[in-house]
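Using our numbering, you'd call the opening residue of the sequence shown number 9 and step up by one each time.
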Amino acid sequence: ETHRKVLENFVSSLDSRFTHAVEFRHKSWFNPEVYRLLEKNNVAMAWSLNQYLETPAQSTANFGYLRMVGERDITEFKGIQKERSAEMKAWADKLREKIGSLDQAFVFFNNHFAGFGPESVNEFRRLMGMIEVDWRQGAEGPRQKSLAEFQS
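Take a look at the structure:
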């Protein structure tokens, strides 16, 4: 009850000019009362596949927000190291079911999901019938600055 009130206060304080998503990492949050609160404020419940749990694909806003997060056992990110196609296909199917009620969807992969985030993105794009992104393009161009370079 106390946590729900904190969530109500938090959600009501959000600036409606922006889109917002909330990620829950405990199954107690997955209930109709919480869904109604988020829907009323057009706040997306982040869908997530992580080491804690897999969230239900419940739409609570006019956009979707999916995080594909892996465990920390992968330490080098040079290519795909874990077969995660089944999980990606399951989430692509869930997203496809919701597509008519969403204005847009944001899907994020970290490197820990399968070993190399950009390739996981391309596999998910293929599953969704989208063209791949050539992430190698521009590799010879200027490199991204490090945090230390911004401070100097």
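Glycine included, every Cβ here is placed at the ideal spot set by N, Cα and C.
Here the structure is a predicted model, which is why all the values come from computation and not from measurement.
Judged by DSSP in its simplified three-state form, GLN159 adopts helix. Each of GLU95, LYS102, GLY108 was checked against the Cα of PHE117, and the nearest Cα belongs to GLU95.
According to the DSSP assignment, TRP55 belongs to no alpha helix (DSSP H) but to the beta strand (DSSP E) extending over 55 to 57. For ALA98, the uninterrupted alpha helix (DSSP H) segment begins and ends at 93 to 106. Boundaries around GLY72 are those of the beta strand (DSSP E), 71 to 76, since no alpha helix (DSSP H) includes it.
The Cβ atoms of SER67 and LYS102 do not sit closer than 7 Å to each other. Our two residues, ASN119 and HIS28, have alpha carbons roughly 23 Å apart in a direct line. According to the DSSP assignment, VAL30 belongs to the beta strand (DSSP E) that extends over 28 to 30. Counting the other Cβ atoms within 10 Å of the Cβ of VAL14 gives fewer than 16, which makes it exposed. Approximately 11 Å separates the beta-carbon atoms of ARG80 and PHE121; this is outside 8 Å, ruling out the contact.
Boundaries for VAL115: no alpha helix (DSSP H) harbours it, while the beta strand (DSSP E) harbouring it runs 112 to 117, taken from the DSSP string. Taking 7 Å as the cut-off, the Cβ atoms of ARG75 and ALA54 count as close.
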